Amino acid sequence: MTATVCEHILRRLHAWGVDHVFGCPGDGVDALLTACGDSEEAPRLVRSPHARTSAFQAVGHARVGGRPGVCAAASGPDAIHLLGGLYDAKLDRVPVLAIVGLRRTGRDGPRRPEADPYALFRDVASEFLETVTSPQELPDVLDRALRTAYARRCPVVLVVPEDVQELHCPEAPVRPEWPQYPAGFGAVPAGPGRGMGPAAPSGESLERAAEILNSGDKVAILVGRGAAGASAEVRRIAELLGAGVAEELLGKDVVGDQLPYVTGTVGPLGTRPSYELMRDCDTLLAIGSSFSDPGFLPEPGRARSVRIGVEPDLTATGRPYEVELVADVRATLDRLIPLTRGEERGREWFETVCANVRRWDEVLDRRSRLSADPVNPELVAHVLDALLPPDSIVTCDSGSVTAWYARHLTMRPGMRGVLSGGLAATGCAVPYAIGAKFAHPDRPVIALAGDGAMRLDGLTELITAASYKDLWQDPRLVVAVWNDRGADQGGGRPRAAEDGPSLAPSRRSPDVPDVPYAAFARSLGLTGVRVETPEEVESGWRTALAADGPAVVEFLTDPSVPPVPAHATWEQLGAAAAAVLKGEPDAGAVVRHAFKAKLQEFLPGPETG
17 MTATVCEHIL RRLHAWGVDH VFGCPGDGVD ALLTACGDSE EAPRLVRSPH ARTSAFQAVG
77 HARVGGRPGV CAAASGPDAI HLLGGLYDAK LDRVPVLAIV GLRRTGRDGP RRPEADPYAL
137 FRDVASEFLE TVTSPQELPD VLDRALRTAY ARRCPVVLVV PEDVQELHCP EAPVRPEWPQ
197 YPAGFGAVPA GPGRGMGPAA PSGESLERAA EILNSGDKVA ILVGRGAAGA SAEVRRIAEL
257 LGAGVAEELL GKDVVGDQLP YVTGTVGPLG TRPSYELMRD CDTLLAIGSS FSDPGFLPEP
317 GRARSVRIGV EPDLTATGRP YEVELVADVR ATLDRLIPLT RGEERGREWF ETVCANVRRW
377 DEVLDRRSRL SADPVNPELV AHVLDALLPP DSIVTCDSGS VTAWYARHLT MRPGMRGVLS
437 GGLAATGCAV PYAIGAKFAH PDRPVIALAG DGAMRLDGLT ELITAASYKD LWQDPRLVVA
497 VWNDRGADQG GGRPRAAEDG PSLAPSRRSP DVPDVPYAAF ARSLGLTGVR VETPEEVESG
557 WRTALAADGP AVVEFLTDPS VPPVPAHATW EQLGAAAAAV LKGEPDAGAV VRHAFKAKLQ
617 EFLPGPETG
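For what it's worth, the numbering used here labels the leading residue of the sequence shown as 17, then goes sequentially.
Put into structure tokens, the structure is as follows:
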């Protein structure tokens, strides 16, 4: 039996368990995408309006689906537009296969000038970038591409010229066999050029690690995405050590924010309890973590440290760990826990950590209820927290909305959180949500986006959602927009300055019209809700979450409410405010909101501002 190269690619992808290909039609890839879904042995095509969103959909699918995401695009401009999603996958170690169709050569004359795929993808696909030049080499090349993406957790690129796609080749037997790797490797695997490490550490290194942890009176645990699959073991060792647990932004859904000793995210967008945990601890245990900002880690020489991960820590933190256990995270914790003393010790530290968490929850509640014009953006996230379905997948864009997601949403068991970590890509939340929805069509998905990000990709992605909504068993796909009327142009994630917070004001641009997101959703036959007052926030969320299909809930938020860094001091706020007011005559509202938000940390009871 023979098949064209195009048909063989799809059958082989299906045999490997790939159920969807995210693609944008174009020269050199039309035949491949047209054949998708023609039989039960081919993946379904999810047609995207743009190659850029195809890549982000594949990344979103892979982040929650457990298998490589697959996207396809033509060469030339479409291939260039894949780069954003592929770099997102590279920096966050997400397995993605991009199939690039090269336009026909030969009988139609010289090919039009276009970007050289090898020059274009050489960096982002450094682990695997090959061109199929004959039918005979396809099975091996495609299999190696998929295995590399899965094992290395990286993007790979396969270039298939259009004329080669039409050639016939004999069917080769397909024996799918994903690479075997340690449990923790599935979340943060070995990076480019690195091995997976041994399955378990030596007894001597375990004893050294246990000695360090047992000697600490104020133990802090930092959890990253590499601890996925070991949440029970993390909870057990935290309770034995009387430790607080802080989370990387990408590890927010690993352990669960509902535990009283989980202090929340760490870093510029983190919480006050996490900052205090890292500042005051005398011992640090990092589990599956690649967090590298030294300003939010214990000072070198002040705290002893142990790290567990499936790869060595190669980040530029400038602070080596005393003991580094490079091995399977769950197996290592299983062996380390019996060596950890479980007697009552450090209870004062543990109670302090828990008290700090409770105090911070009160601060967030008060901040969310501060008056704003018209809606406080913190209130939007704060109200959602209590309404999230227990099996939700939440995707979040970059920008101020990242801070509200990181601080106000409580990830509980069964929930997943998805966002762009290393790249801080703008416009990814809605494509992520569509990819996640195809990976888990039986679960509710909620996308959180700012105004600028929604203008970039969100509007066209609503068309995609409307096109495929009947394929999902659970109809809930909620897109929430923090509409500040052009103030947030999607400029990436807000960060603190090196020596203090940044209070750069957001302005409503007079040149940018107010986009009616809810009305646009209704024009597509979707549910659209526009929330213009604080009193409507909860009912807006409830209407969107109860819709029988995709829904857009649009909140008119105040652009002058800044995400004040939790570690900011009064002196730093004062200096930042003076700098802002000096150069920005219309920044008074931003400064007032920043000081009111900081004040909530010192009030004894609820304050509504």
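Yeah, the Cβ is synthetic: ideal placement off N, Cα and C, and Gly gets one too. As the structure is a computational prediction, the values presented were derived from the model and not from experiment.
query	result
Taking the alpha carbon of Arg558 as the reference point, which residue from Thr418, Arg252, Leu400 has its own alpha carbon closest?	Leu400
If you reduce the DSSP assignment to three classes, tell me which class Phe38 lands in.	strand
Would the beta-carbon of Ala452 fall within 8 Å of that of Ala496?	no
So Ser408 and Met431 are in contact, right, with Cβ under 8 Å, and what is the actual spacing, rounded?	5 Å
Specify whether the stretch 92-106 and the stretch 434-452 touch according to this definition: at least 3 beta carbon pairs, one from each stretch, less than 8 Å apart.	yes
Could you tell me if Ile324 is buried or exposed, where buried requires 16 or more neighbouring beta carbons within 10 angstroms of its beta carbon?	buried
Taking all protein chains shown into account, decide if Thr50 is buried (16 or more other Cβ within 10 angstroms of its Cβ) or exposed.	exposed
For the alpha helix (DSSP H) holding Pro155, just list the boundary residues, first then last.	154-168
Within 10 Å of its beta-carbon, does Thr149 have 16 or more other beta-carbons around it, so buried, or fewer, so exposed?	exposed
From Val545, Val391, Cys22, Val37, pick the residue whose C-alpha is nearest to that of Cys185; which is it?	Cys22
Using alpha carbons as the reference points, say which of His36, Ala535, Ser231 lies closest to Val568.	Ala535
Near Asp574, which residues of its chain fall below 6 Å by C-beta distance, leaving aside the five closest residues on each side in sequence?	Ala388, Asp389
By Cβ distance, which residues of its chain are closer than 6 Å to Arg546, with the 5 residues on each side in sequence left out?	Ala534, Glu570
Give a yes or no on whether the C-beta atoms belonging to Val391 and Val553 are separated by under 8 Å.	yes
Might you give, ordered along the chain, the residues of its own chain that have their beta carbon closer than 6 Å to the beta carbon of Arg608, omitting 5 neighbours on each side?	none
Taking 7 Å as the line, does the beta carbon of Val497 fall inside it for any heavy atom of the ligand MN?	With respect to the ligand MN, the structure shown offers nothing to examine, as it has no ligands at all.
Assign Gly213 to buried or exposed, taking buried as 16 or more other Cβ atoms, counted over all protein chains shown, within 10 Å of its Cβ.	In this predicted model, Gly213 has a pLDDT of only 47, less than 50, meaning its place in the structure is not dependable; the value taken from the coordinates is given anyway. Gly213 is buried by the Cβ-count criterion.
Should the stretch 361-374 be regarded as contacting the stretch 240-258, the criterion being three or more beta carbon pairs within less than 8 Å?	yes
Leaving out the 5 sequence neighbours to the left and right, which residues in its chain are closer than 8 Å to Pro208 when beta-carbon positions are compared?	Because Pro208 sits at a pLDDT of 30, beneath the cut-off of 50, its placement in the model cannot be relied upon, and the point is left open.
Beta carbon of Val140, beta carbon of Ala88: below 8 Å?	no
Can you name the residues that DSSP bridges to Ile303?	Val239, Ile324
Name the residue from Ala161, His24, Pro581, Leu275 whose alpha carbon lies nearest to the alpha carbon of Ser416.	Pro581
Do you know offhand how far Trp3's Cα is from Asp233's?	Here the chain covers residues 17 to 625 and nothing more, so residue 3 does not appear.
Using DSSP bridges, identify the partner residues of Ala613.	The partner list for Ala613 (beta bridge, DSSP) is empty, contrary to what the question assumes.
Less than 8 Å between the beta carbons of Met294 and Leu266, yes or no?	no
Note the first and the last residue of the continuous alpha helix (DSSP H) segment covering Glu182.	Glu182 -> no alpha helix (DSSP H), and no H or E assigned at all.
Grouping DSSP H, G and I as helix and E and B as strand, with all else coil, what is Cys444?	coil
Cutting at 6 Å between CB atoms, please list the residues of its own chain near His583, excluding the five before and the five after it.	Tyr291
Let me know the alpha helix (DSSP H) ranges lying completely inside the stretch 449-496, each 4 residues or longer, listed in chain order.	475-484
Tell me the start and end of each unbroken alpha helix (DSSP H) in the stretch 223-296 that is at least 4 residues and wholly inside, in chain order.	247-257, 288-296
Out of curiosity, what's the CA-to-CA distance linking Arg375 and Glu249?	27 Å
Using beta-carbon positions only, say whether Val282 and Glu263 come within less than 8 Å of one another.	yes
Hey, could you find the ends of the beta strand (DSSP E) Gly117 is sitting in?	112-118
Under DSSP, the beta strand (DSSP E) around Thr543 begins and ends at which residues?	543-547
Assuming contact is defined by CB atoms lying nearer than 8 Å, are Glu338 and Arg320 in contact in what I supplied?	yes
From the DSSP output, which residues share a beta bridge with Cys370?	For Cys370, which the question treats as bridged, DSSP gives no partner whatsoever.
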